[in-house]
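Below is one structure; the comments refer to it alone.
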Amino acid sequence: MKQRWIFTGAVLALVLAACGTQKADGGSQAVDPRDVAATLSVANEQLYKISEPLQLAGMPVPLLIVPFSTGAVPLDVASWDCGSVTVAGTLTDADGDGIPVSATYNGRCTWSYSGTEGSFSGYWEYRNLKVEDPNDADSEAGIKVKGVVEWGYSGGGQSLTWIWTLTQHDFVKQGSGYAFTYTGNWQIVVNGSDNYTFDYNLSGTWVPDDANSPWGDGTLNASGSFSGSGTGCTGWSLQATLTDVHYSAGRIDGGSASFSGNDCDGTTTSFTVSWSPSEICVTVDPQQPPICGPNS
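Mapping of the sequence shown onto this note's numbering: position 249 corresponds to residue 927, and the numbering continues sequentially without gaps.
Pasting the structure below:
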């Protein structure tokens, strides 16, 4: 029941995303939430261009929907206050990719809902959330994002606070491919007492097979460290390295990945996965032959 409430609250927050208007705030420019929606929707799409091959290779990509990045549907009864959100910086977009040269968002939005799903209230807040286009003359140049986004939900005796710190989220064209660095932290508090954290530091390169089709087939090299803790878990960690992982037509057909870490009870493990066009092999003990199966 608790999980269902949390997901219901999250959905309600997102469907409220395109309602309301802004008023001026000091020297910053007032911003309509629908304008923020368009920019951050493109930001999500750009940041995670290579999320599919990363996830297919077993890398825990830190995906999370940013407020205002989805559309809206009518609600039974809703109230909305988003008058404090502003944007500052160079907002031009010469290459038409939906990413401004440099835009920084600040402010808090609050909402409440009462209807067929019950009564809920919440907020989200931007703290120096900066979105940059590394080259405004190239629509495929990539994107840089950093800052803090915070969500809060309450209702039905339950509460949830989620703070996402994007220390560095860069995805930038370099030569014939792209370089990326995703570093950040999640802090989640449920009902004011259950605390969870997730830290990540992931970087690497993506080189497409065809420069004219950068989001088709390609080769991925990446390394990352991930760790977390929470109620009932003193801590877990994972280190991962992807070497020449080749992605083709929705599957991996070459390269290798190594993983090591420990789970919540301190149990350690390490293993390596390798791919060929016909086989996937897993090696747990270097002294033993790998376990292989068809790559289909």
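A virtual CB, placed ideally from N, CA and C, is assigned to each residue, including glycine.
Would you kindly check if the distance between the Cβ of residue j and the Cβ of residue i is under 7 Å?
i      : j      : result
Trp840 : Ile866 : yes
Gly800 : Trp789 : yes
Gly855 : Trp893 : no
Tyr860 : Leu838 : no
Thr794 : Val779 : no
Gln917 : Ser938 : yes
Gly825 : Gly796 : no
Ser934 : Ser952 : yes
Leu725 : Phe849 : yes
Asn973 : Ile958 : yes
Ala781 : Asp814 : no
Pro925 : Gly902 : The residue you asked about is not Pro; residue 925 is Tyr in the sequence shown. Contact flag unset, no.
Could you give the first and the last residue of the continuous alpha helix (DSSP H) run that contains residue i?
i      : result
Pro731 : Ser729 to Leu734
What does the alpha-carbon distance come out to for the pair residue i and residue j?
i      : j      : result
Val765 : Asn722 : 18 Å
Val763 : Lys808 : 13 Å
Thr921 : Asp931 : 12 Å
Gly704 : Asp811 : Because Gly704 carries a pLDDT of 37, less than 50, the predicted location of this residue cannot be relied on, and the following value inherits that uncertainty. Near 25 Å, if we compare the C-alpha coordinates of Asp811 and Gly704.
Val923 : Thr945 : 28 Å
Ser956 : Ser936 : 20 Å
Gly906 : Gly971 : 32 Å
Gln836 : Asp872 : 12 Å
Tyr804 : Leu734 : 31 Å
Ala819 : Ile777 : 10 Å
Ala900 : Lys851 : 16 Å
Val960 : Thr919 : 15 Å
Val823 : Asn806 : 10 Å
Trp914 : Trp842 : 19 Å
Gly761 : Phe858 : 34 Å
Ser817 : Ala716 : 15 Å
Trp802 : Arg786 : 6 Å
Tyr831 : Glu730 : 30 Å
Val847 : Ile821 : Per the sequence shown, residue 847 should be read as His rather than Val. About 8 Å.
Asp759 : Ile969 : 57 Å
What are the start and end residues of the beta strand (DSSP E) that includes residue i?
i      : result
Ala857 : Gly855 to Val868
Val823 : Gly820 to Gly833
Thr912 : Cys911 to Ser926
Ser905 : Gly896 to Gly908
Between residue i and residue j, which are expected to be in contact by the criterion C-beta below 8 Å, what is the C-beta distance as a whole number of angstroms?
i      : j      : result
Tyr874 : Phe904 : Contact doesn't hold; Cβ gap of about 14 Å is too wide.
Pro740 : Gly928 : The Cβ separation is near 22 Å, so there is no contact.
Ile728 : Leu844 : Wrong, their Cβ atoms sit about 17 Å apart, outside the cutoff.
Cys942 : Thr912 : 7 Å
Using a Cβ-based criterion (distance less than 6 Å to any ligand heavy atom), does residue i qualify as near the ligand MG?
i      : result
Pro740 : Within the structure as shown, the ligand MG is missing, as the structure has no ligands at all.
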